[in-house]
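Residue numbers (our numbering), protein chains in the order written: chain L, 1 to 293; chain F, 1001 to 1588.
Written below as structure tokens is the structure these notes are about.
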Amino acid sequence: MTDVALSNRRRVRAAWTMLGTIHPRYLIVFLITLILVVGEWRYAILGGYERLAAALGACVATEAVCSRLVRGRFANLASAYVSGISLSLLLKPQAGLLWPFALGGILAIGSKYVLVYRDRHLFNPSNFAISVLLLLAPGTVAILSHQWGNDLATNAIIWAVGLLVVSRARMLHVTLTYVVSFLLLAAVRAALVGGPLLAEIAPVTGPMYQLFIFFMVTDPRTTVRTRRGRILVACLVAVVEAVIRLAGDHNVGLLRPLYPAPPILALFLVGPVAMWVDLWREGRGHPGEPAGR
Amino acid sequence: MHYWSGRRLVVAVVFVGTLAAVPLLGRRADSSMRAGPEVTGFRLESVASELGIAFTHRAPSLDPRLDNVAPHVTALGASVSVTDVNDDGWSDLYFTSSRFGHDNALYVNRGDGTFDDVALAAGVADLNREGEGVSMGAVWGDYDNDGLEDLLVYKYGYLQLLRNTGELSFDDVTEAAGLRRWMNANGAVWLDYDRDGLLDLYVAGYFRAEIDLWHLRTTRIMQNSFEFASNGGANVLFRNLGDGSFADVTDSLGVGSTRWTMAVAAADFNDDGWPDLYLANDYGPEELYENQEGRRFTLSFAGVDTDSKSGMSVSLGDVLNRGRHDVFVTNISERGYLFQGNNLRLNYLEETRRFREVARGVVADAGWAWGAQFGDLNNDGWMDLFVANGFISADPDRDYWYGMSKVAGATGAVFEDAASWPPIGTASLSGYERSRVLLNREGRLTDVAEAVGVTDHYDGRAVAVVDLFNRGVLDVVVANQGAPVLVYRNTVAPGNHWIAFELVGTRSNRSAIGAEVVVAFGGRRQRRVVAGGMGFASQNDRRLHFGLGGETQVEDVEIRWPSGEVQRLEAPAMDRLHVVTEPERPSP
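As structure tokens, this is what we get:
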């Protein structure tokens, strides 16, 4: 190996080590900001800066007020920032409506202080707010399901940076477990439904999934304590999503509200139950391991 | 300390209150106002069969390789265009069908409340033939200035120009006109872009021109993006050379958009005297091409390109009576899945060089909206809006929205391959949606469809407004996909006045397409343009109709002819149609 190659390897290793010293929360902040900037620059993804202001403002204000009221101190606002950006990117309501962003922000952050068990919140904040809005206001609120230009290059950038970030946050196993499970179950669904395999795989290349895979299912605050447990939960989310999708293919009317956002709503159903069980087990003395950060 | 004590309880109460507010705020404003004619001022009655109009559109059958998406790909082609084909002062109707062997229809208005289909004898019926393609729509215009309205039929297939030779007879002059070109088109307009007194033609490509939908070489024919697609058929501008032929000037004029254009409207949006082109693009942003004095068009950044949607139709109206061309573009809204929303863009080009999007509530969300037209349906002096809705009405218990959502977010490489799409089978896709009638009450639009008698649930496509019975009221004609046409006869409550103009060009093209009329009344100014096609796959009555409300006189009428001539009418009589011929010589 030449000196230049060796030097380059050392630089990469040094950069990787330095990346490891940054708190994962700020890596997530960087990634979501990158997605926001790229999405807005290339595709005007926000649909108006007032949406960003409403979501971000509501999240940050709610976090500040709630943390002061409940815990007696102001919380770090990075999490509220991530939730605010996520909501502004993912919510696509009727024209001119700002209340879904404002109320979504209050619900997302409020859930961290209200829907708690053993002093831990059960829902991923953005996932909770989006799910509630989709289920309770489907007549006016939809989710980002297409507006990303359907462009492979943009997706590739997000995936590259996203994988880097989740690996430094020690959540790569969750992302990979979910993606592998999704792909395997997509093959099963294609066989059962009889349609093209690509149609079943296609959703994972969309923007909703990128936000889901890198920000929701991997959220260390709402994942269980053990690595094995996290892998199991990621699998379960994929399985529940597959059930929703199969029901969609067979037009099961009862589950229709779940069809616009299967992964989001699968996590909404599985995530808090898993957290509750994990915390309950913790209370009974079952050992765990740090969630990675 | 108890867990739920004190401040935490306050947080919980606010949280629950917020949760409870969501369903209350989230109710969809999709109901039609219940009110009687005393409030709406008009009533629409479906009378097609009474009039002898019994036309049913038939969708095409395409290459079997598209079977999995056939209902989607074949869901267009029902069109209506209005003209006075025999120059007898009564408006006639032309409808297209889209299946091989099924005829188009030309219903001639006998003036006694009945219509006769004369298409076969006139030679404008049998246009849907294997190897030639199927009709997607038609526009009328007197391209040779002989006083007879000619017919351009655009297709998934070869364009067809049919010259009106009088006595309800047409010659196919496509070849001689240099227009025999295979285009998979969904829209076209006549306009005189260079103001030379000859009608030019702009045709909007949808699928790429090299695609023969009956003999596919590949299934990679779909859009390469759900909202930013640019791999559609190129639009083409044909310049009328004046000798019966046309030349393709697309490249030199810069208007060859390859977005998936569904509809086009031409008018002078920026008041520079030259007709501009406004495009509603499916799977992409709208485009405004501003005419640089007939030498070139430039793509404008006037705020119409910032939100990418699925434009289906473009209609022009002066919503606030400001003397401007405002724009209404229909789009898709579906509960839970997608709220692209229709656009109502108010024209503020003079002040800010931009349009301002103001559609909200029932204006934005009409369902999967198609053709729309402005028209003062109750003659109160404010332009109302008729919107046709619904995409595929098949099995009501099966829904394709979930199926489509699988590929809608996928990368372009997957999305553009029809073979990757889940089979639609017998499912509906935004089916059984009702039309909307948006009543303009001094600038505020309210849905009164059910109150005025519009309750059909066909898959509406093209809409035209026309005074079918020469009564001084606008009737509405709707062409439905794979279903019978609807003719709504309008009954307007007495008390409101009106005025209408039929323009005849001399130095301008004889059809007066591109001419604009501004009527000043009651301190307001309302503007309309004679259009060579508007809406989706439709063309309105070219006679311009203005409701005047309770005003007892018109203050001023200004006619801006395409030639540049500006003509003023002083105190024209109300409640009548004025036939105005362009002055032969320029005004001093």
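The beta carbon of each residue, even a glycine, is placed where N, CA and C say it ideally should be.
8 Å Cβ cutoff met for residue i and residue j
| i | j | result |
| --- | --- | --- |
| A1122/F | S1049/F | no |
| L1377/F | L1474/F | yes |
| I244/L | L265/L | yes |
| A1500/F | F1546/F | yes |
| G162/L | Q210/L | yes |
| R1208/F | A1229/F | no |
| S1079/F | N1128/F | no |
| Q1373/F | G1535/F | yes |
| E50/L | I109/L | no |
Contact list for residue i against chain L, beta-carbon separation under 7 Å
| i | result |
| --- | --- |
| W1421/F | A199 |
Residue i - DSSP class collapsed to helix/strand/coil
| i | result |
| --- | --- |
| D1443/F | Correcting the residue identity first, residue 1443/F is Gly in this sequence and not Asp. The answer is coil: DSSP assigns G1443/F none of H, G, I, E or B. |
| S1333/F | strand |
| A1068/F | Residue identity check: residue 1068/F is Asn in the sequence provided, not Ala. The answer is helix: DSSP assigns N1068/F an H, G or I state. |
| M1001/F | Any reading at M1001/F must be qualified, since the residue scores a pLDDT of 47, below 50, and its modelled position is unreliable; no value is offered. |
| Y1620/F | The first residue shown for chain F is 1001 and the last is 1588, placing residue 1620/F beyond what the model contains. |
| S67/L | helix |
| T62/L | helix |
| N1281/F | strand |
| Q210/L | helix |
| H1215/F | coil |
| H1057/F | coil |
| F1015/F | helix |
| W1260/F | strand |
| V1517/F | strand |
| A291/L | For A291/L, the predicted structure reports a pLDDT of 44, less than 50, and the residue's modelled location is therefore unreliable. The matter cannot be settled from this model. |
| D219/L | coil |
| N8/L | helix |
Inter-residue spacing [alpha-carbon to alpha-carbon] between residue i and residue j
| i | j | result |
| --- | --- | --- |
| G253/L | V1407/F | 21 Å |
| F1095/F | P1060/F | 15 Å |
| L269/L | F215/L | 17 Å |
| N1496/F | D1467/F | 16 Å |
| V82/L | A54/L | 14 Å |
| S1300/F | G104/L | 36 Å |
| G1549/F | N1379/F | 6 Å |
| P171/L | N1231/F | Correcting the residue type first, residue 171/L is Met in the shown sequence and not Pro. Straight-line Cα distance between these residues: approximately 39 Å. |
| W1498/F | G1403/F | 49 Å |
| R293/L | T1018/F | Model confidence at R293/L stands at a pLDDT of 35, short of 50, so the residue's coordinates are unreliable; what they give is reported in the following sentence. Straight-line Cα distance between these residues: approximately 32 Å. |
| T21/L | L52/L | 30 Å |
| V1085/F | T1174/F | 19 Å |
| V233/L | A274/L | 7 Å |
| L255/L | D249/L | 11 Å |
| G1147/F | A1267/F | 22 Å |
| Q1567/F | P1275/F | 18 Å |
Counted within 10 angstroms of its Cβ, other Cβ atoms place residue i as buried (16 or more) or exposed
| i | result |
| --- | --- |
| E1038/F | exposed |
| R1058/F | buried |
| A291/L | Confidence is the limiting factor: at A291/L the pLDDT is only 44, short of 50, which leaves the residue's position unreliable, though a coordinate-based value still follows. With 16 or more Cβ atoms within 10 Å of its Cβ, A291/L is classed as buried. |
| E1287/F | buried |
| Q1553/F | exposed |
| M1136/F | buried |
| M18/L | exposed |
| L1120/F | exposed |
| H1325/F | buried |
Chain-ordered chain F contacts of residue i [CB-CB under 8 Å]
| i | result |
| --- | --- |
| Y117/L | Ordered by position in chain F, no residue passes the 8 Å Cβ test against Y117/L, which lies about 11 Å from the chain. |
| I106/L | V1014, F1015 and T1018 |
| G110/L | V1011, V1014, F1015 and T1018 |
| P93/L | F1339 |
Chain L contact residues for residue i, given Cβ-Cβ distances below 9 Å
| i | result |
| --- | --- |
| L1025/F | L97, W99, P100, L103, A137 and T140 |
| V1414/F | N150, L198, A199, I201, A202 and T205 |
| A1021/F | W99 and L103 |
| G1232/F | Within chain L, no residue comes near G1232/F; the closest Cβ sits about 14 Å away, beyond 9 Å. |
Contacts that residue i makes with chain F (C-beta to C-beta distance below 9 Å)
| i | result |
| --- | --- |
| Y43/L | E1227, F1228 and S1308 |
| L321/L | Nothing about residue 321/L can be reported from this structure: the residues present for chain L run from 1 to 293 only. |
Within-8 Å CB hit, residue i to chain C
| i | result |
| --- | --- |
| V161/L | Among the protein chains of the structure shown, namely L and F, there is no chain C. |
Cross-chain neighbours of residue i in chain F, by beta carbon under 7 Å
| i | result |
| --- | --- |
| N124/L | Within chain F, no residue comes near N124/L; the closest Cβ sits about 16 Å away, beyond 7 Å. |
| M208/L | G1409 |
8 Å Cβ cut-off: residues of chain L touching residue i
| i | result |
| --- | --- |
| Y1289/F | What Y1289/F touches in chain L: nothing, since even the nearest Cβ is about 20 Å away. |
| D1399/F | N251 and R256 |
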